[in-house]
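Student: Numbering (my numbering) for the sequence shown: 15 to 406.
Positions of the beta carbon are idealized from the N, C-alpha and C atoms, including for glycine.
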Amino acid sequence: MKLTADEKKMLAGKHGNAVKKSMEILVALGEIFGAKRLIDVASVQVAGVSYHNLGDAGLEFLEELAKDGKVKVLTTLNPAGMDLENWKNLGISPEFAEKQKKVIDAFEKLGVVTTCTCTPYFVGNLPRFGEHIAWSESSAVAFSNSIIGAFTNKEGGPSALAAALTGKTPEYGLHLKENRQAQVLVNVKARLEGTRDFGALGYAIGKKIGTKIPLIKGIKKASIEELKNFSASIATYGGTGLYHIAGITPAKTQAPKEIVSIGESDIEAAKTALNDAVEGEIDLVAIGCPHCSIKELQNIAKLLKGKKVKKEIWICVARPVKSIADKMGYSKTIEESGAKFACDTCMAVAPLKGRFKGLATDSAKGCFYGRGSNSFKTKFCTMEECIQEAIE
Ligand code: F3S
Numbered sequence: 015m016k017l018t019a020d021e022k023k024m025l026a027g028k029h030g031n032a033v034k035k036s037m038e039i040l041v042a043l044g045e046i047f048g049a050k051r052l053i054d055v056a057s058v059q060v061a062g063v064s065y066h067n068l069g070d071a072g073l074e075f076l077e078e079l080a081k082d083g084k085v086k087v088l089t090t091l092n093p094a095g096m097d098l099e100n101w102k103n104l105g106i107s108p109e110f111a112e113k114q115k116k117v118i119d120a121f122e123k124l125g126v127v128t129t130c131t132c133t134p135y136f137v138g139n140l141p142r143f144g145e146h147i148a149w150s151e152s153s154a155v156a157f158s159n160s161i162i163g164a165f166t167n168k169e170g171g172p173s174a175l176a177a178a179l180t181g182k183t184p185e186y187g188l189h190l191k192e193n194r195q196a197q198v199l200v201n202v203k204a205r206l207e208g209t210r211d212f213g214a215l216g217y218a219i220g221k222k223i224g225t226k227i228p229l230i231k232g233i234k235k236a237s238i239e240e241l242k243n244f245s246a247s248i249a250t251y252g253g254t255g256l257y258h259i260a261g262i263t264p265a266k267t268q269a270p271k272e273i274v275s276i277g278e279s280d281i282e283a284a285k286t287a288l289n290d291a292v293e294g295e296i297d298l299v300a301i302g303c304p305h306c307s308i309k310e311l312q313n314i315a316k317l318l319k320g321k322k323v324k325k326e327i328w329i330c331v332a333r334p335v336k337s338i339a340d341k342m343g344y345s346k347t348i349e350e351s352g353a354k355f356a357c358d359t360c361m362a363v364a365p366l367k368g369r370f371k372g373l374a375t376d377s378a379k380g381c382f383y384g385r386g387s388n389s390f391k392t393k394f395c396t397m398e399e400c401i402q403e404a405i406e
């Protein structure tokens with residue numbers, strides 16, 4: 015890989031140890047993937063924030079970088095393992111909280127904006143069309159590449175942090191225009207409404223096409239909330255970091271030769287596959303995977319007004335979005351019902367294994383990670399059914 019004079023100095027340690035380590039990661043990655051050079055990035059989003067996943071080794075790595083490192087571009091974080099303010103309310107242990115706070119302190123020392131969310135585009139980390147970025151949360155990667163038209167690979171936690179500390183990333187994969195063309199045409203003939211349906215669609219398409227980039231036809235309209243759930247689902251069940259939807263996404267692409275069809279039966283099969291909880295097994299309801307928009311909080315407040323919940327229910331959201339809801343009175347209505355906000359975190363990255371048996375959620379991705387990391391049985395519902403499940 016060809017490095018500029020300044021990049022060579024970074025690699026030689028002239029800009030400090032954190033930059034040197036970061037350059038080593040980026041150069042190794044670039045060489046593995048055949049990149050010719052490094053390019054500048056406009057923003058970074060770092061995953062691997064929960065102490066639950068990082069452990070002591072991850073914490074030590076961050077503290078080492080924080081000795082002399084400072085991020086060069088706007089950098090935000092993925093959800094942490096707990097609500098950074100109200101962790102006690104969510105049943106998190108003081109031992110875990112202490113470690114998680116150390117992780118956040120290290121990021122803060124590095125100059126990272128410690129807004130912990132998988133929807134950074136709702137809270138000021140919003141790239142524009144054609145801009146190169148280095149993001150790591152898979153749903154946010156699919157959203158930014160597809161809906162916004164920014165250019166990013168799906169970074170791992172260390173490579174995203176390396177991009178933040180240098181302002182650079184190797185130019186390969188989805189940073190190259192020629193790699194962003196659709197590879198399979200997906201004709202959708204199904205009625206789709208709400209976040210659950212779009213999550214089911216992501217599951218159905220992802221299972222059929224894997225990591226290929228689709229051009230999807232047949233979707234007449236979709237809200238931002240539906241598209242964020244779709245992004246999360248297709249990235250989880252297929253693995254693509256980019257999709258095109260005719261009439262909705264901004265980038266131009268050629269129509270590919272390979273054709274796949276998705277019908278009502280595929281959507282129904284997806285819904286069935288994501289339900290494995292039996293009657294009486296649900297003891298946790300979670301909404302906000304990916305993290306809620308203010309419109310979703312408005313809707314949740316409307317559905318919970320004057321009601322009392324009987325089950326644990328978490329509303330997962332970025333703290334700045336919740337503060338808008340505070341101002342509008344939505345938070346008060348939601349909390350008066352007994353529902354809990356889970357700011358900065360979610361039911362998948364929080365250490366919940368063994369505390370709950372069954373999870374009800376409107377998120378297809380939430381079902382995958384709820385089953386995986388916390389061994390929950392899952393019930394895949396609409397937002398309205400989730401609320402009903404909690405108040406029944
Ligand atoms: Fe976000 Fe957690 Fe879902 S990180 S996408 S709320 S699994």
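Consult DSSP for N243 and reduce its assignment to one of helix, strand or coil.
Tutor: Indexing the sequence shown from 1 puts residue 243 at position 229. Residue state, collapsed to three classes: helix.
Student: Alpha carbons only, please: which of I329, G372, G343 is nearest the one belonging to C357?
Tutor: Within the sequence shown, the letter at position 343 stands for residue 357. The shortest C-alpha separation from C357 is found at I329.
Student: With C-beta atoms as the reference, is L241 less than 8 Å away from R194?
Tutor: Taking the sequence shown and counting its residues from 1, the one referred to as residue 241 is at position 227. Taking the sequence shown and counting its residues from 1, the one referred to as residue 194 is at position 180. No, these two residues do not count as a Cβ contact at 8 Å.
Student: Just checking C330 against the ligand F3S - is the residue's beta carbon closer than 7 Å to any of the ligand's heavy atoms?
Tutor: Taking the first residue of the sequence shown as position 1, residue 330 is located at position 316. Checking the Cβ of C330 against the ligand F3S gives yes.
Student: Leaving out five residues before and five after C306 in sequence, what residues of the same chain have Cβ atoms less than 7 Å from its Cβ?
Tutor: On the sequence shown, position 292 is the one that residue 306 refers to. Excluding positions up to five away in sequence, the list reads I329, C330, V331, V335.
Student: In three-state terms, what does DSSP make of R55?
Tutor: In the sequence shown, residue 55 corresponds to position 41, counting from 1. The residue you asked about is not Arg; residue 55 is Val in the sequence shown. In the structure shown, V55 sits in coil (DSSP, three-state: anything other than H, G, I, E or B).
Student: Hey, quick one: how far does the alpha helix (DSSP H) through D20 stretch, first residue to last?
Tutor: Along the sequence shown, one-based indexing puts residue 20 at 6. Segment 19 to 25, the alpha helix (DSSP H) holding D20.
Student: Is there a Cβ from chain B that is less than 8 Å from the Cβ of P264?
Tutor: Protein chains in the displayed structure number just one, and chain B is not present.
Student: Beta-carbon separation of I161 and A214 under 8 Å?
Tutor: For the purposes of this step, residue 161 is identified with residue 147 of the sequence shown, where counting begins at 1. For the purposes of this step, residue 214 is identified with residue 200 of the sequence shown, where counting begins at 1. Result no, Cβ atoms of I161 and A214 do not sit closer than 8 Å.
Student: Could I get the ranges of all uninterrupted alpha helix (DSSP H) runs contained in the region 154 to 203, with 4 residues as the minimum, in chain order?
Tutor: 171 to 180
Student: What residues match up with W328 in a beta bridge as DSSP calls it?
Tutor: Reading the sequence shown from its first residue, position 314 is the one you call residue 328. For W328, DSSP records a beta bridge to A300, K354.
Student: Does the beta carbon of E240 fall short of 7 Å from some heavy atom of the ligand F3S?
Tutor: Counted from its first residue, the sequence shown places residue 240 at position 226. The nearest non-hydrogen atom of the ligand F3S is 7 Å or more from the C-beta of E240.
Student: May I ask whether a heavy atom of the ligand F3S can be found less than 7 Å away from the beta carbon of C132?
Tutor: Mapped onto the sequence shown, residue 132 falls at position 118. Yes, since a heavy atom of the ligand F3S falls inside the 7 Å radius drawn around the Cβ of C132.
Student: Do the region 245 to 262 and the region 377 to 394 touch if we need at least three Cβ pairs shorter than 8 Å?
Tutor: The region 245 to 262 is in contact with the region 377 to 394.
Student: Just to confirm, is the Cβ distance from A196 to P228 under 8 Å?
Tutor: Counting from one through the sequence shown, the residue named residue 196 turns up at place 182. Counting from one through the sequence shown, the residue named residue 228 turns up at place 214. Contact flag set, yes.
Student: Give me, in chain order, the residues of the same chain whose beta-carbon lies closer than 7 Å to that of L68; leave out the 5 immediate sequence neighbours on both sides.
Tutor: Against the sequence shown, residue 68 aligns to sequence position 54. Excluding positions up to five away in sequence, the list reads G62, V117.
Student: Keeping to the same chain, check which residues put their C-beta closer than 7 Å to that of Y344; ignore five residues upstream and five downstream.
Tutor: Numbered from its first residue, the sequence shown carries residue 344 at position 330. Contacts found: L311, Q312, A315.
Student: Going by beta-carbon coordinates alone, are V198 and K226 separated by less than 8 Å?
Tutor: As a first step, residue 198 is located in the sequence shown; it is residue number 184 there, counting from the start. As a first step, residue 226 is located in the sequence shown; it is residue number 212 there, counting from the start. V198 places its beta carbon less than 8 Å from that of K226.
Student: Opposite W149 in the DSSP bridges: which residues?
Tutor: Residue 149 sits at position 135 when you count from the first residue of the sequence shown. BP columns for W149 point to Q59, K168.
Student: Is it buried or exposed, S57, if we count other Cβ atoms within 10 angstroms and call 16 or more buried?
Tutor: Here residue 57 is taken as the residue at index 43 of the sequence shown, counted from 1. Flag for S57 reads buried.
Student: Runs of 4 residues minimum, wholly inside the region 340 to 394: which ones carry the alpha helix (DSSP H) assignment?
Tutor: 344 to 350, 378 to 388
Student: To the nearest whole angstrom, what separates the beta carbons of K34 and G27, a pair I think is in contact under 8 Å?
Tutor: Looking up residue 34 in the sequence shown gives position 20. Looking up residue 27 in the sequence shown gives position 13. K34 to G27, Cβ: 4 Å. Contact.
Student: Is the closest heavy atom of the ligand SAM to the C-beta of A246 under 7 Å?
Tutor: The ligand SAM is not part of this structure, which contains only the ligand F3S.
Student: Can you name, in chain order, every residue of its own chain whose Cβ lies under 6 Å from the Cβ of G125, other than the five neighbours on each side?
Tutor: The residue you call residue 125 lines up with position 111 of the sequence shown. Excluding sequence neighbours, G125 sits near K84, V85.
Student: My understanding is that A339 touches L104, with C-beta atoms under 8 Å, so please give their C-beta distance in whole angstroms.
Tutor: Taking the sequence shown and counting its residues from 1, the one referred to as residue 339 is at position 325. Taking the sequence shown and counting its residues from 1, the one referred to as residue 104 is at position 90. About 18 Å separates the two Cβ atoms, so there is no contact after all.
Student: Straight-line CA distance for G224 to K341?
Tutor: If you number the sequence shown from 1, residue 224 lands on position 210. If you number the sequence shown from 1, residue 341 lands on position 327. Distance from the CA of G224 to the CA of K341, rounded to the nearest whole angstrom, comes to 42 Å.
Student: Of the residues L317, Y217, K354, which one's Cα is nearest the Cα of A300?
Tutor: The residue labelled residue 300 in the question sits at position 286 within the sequence shown. When each option's Cα is compared against that of A300, the closest is K354.
Student: Starting from the N-terminal side, write out each stretch of the beta strand (DSSP E) that is 3 residues or longer and does not extend beyond the region 260 to 295.
Tutor: 273 to 277
Student: Would you mind working out which of E399, T180, C395, N167 sits nearest I39, comparing C-alpha positions?
Tutor: On the sequence shown, position 25 is the one that residue 39 refers to. Ranking E399, T180, C395, N167 by Cα distance to I39 puts T180 first.
Student: Report yes if the C-beta of N103 is less than 7 Å from at least one heavy atom of the ligand F3S; otherwise report no.
Tutor: As a first step, residue 103 is located in the sequence shown; it is residue number 89 there, counting from the start. Answer for N103: no, Cβ out of range of the ligand F3S.
Student: Should I296 and K322 be called a contact, given that it needs their Cβ atoms to be closer than 8 Å?
Tutor: Position 282 of the sequence shown holds residue 296. Position 308 of the sequence shown holds residue 322. No, Cβ-Cβ distance for I296 and K322 is not below 8 Å.
Student: Which two residues bound the contiguous alpha helix (DSSP H) that contains L229?
Tutor: As a working note, residue 229 is residue 215 in the sequence shown. For L229, there is no enclosing alpha helix (DSSP H); the residue is part of the beta strand (DSSP E) that begins and ends at 228 to 231.
Student: Consult DSSP for V8 and reduce its assignment to one of helix, strand or coil.
Tutor: Since the first and last residues shown for the chain are 15 and 406, residue 8 lies out of range.
Student: DSSP has H305 in a bridge; who is on the other side?
Tutor: Counting from one through the sequence shown, the residue named residue 305 turns up at place 291. Paired residues: none, contrary to the question.
Student: Which one of H146, S153, K231, V155 has the shortest CA to CA distance from L190?
Tutor: Here residue 190 refers to the residue found at position 176 when the sequence shown is read from its first residue. It is H146.
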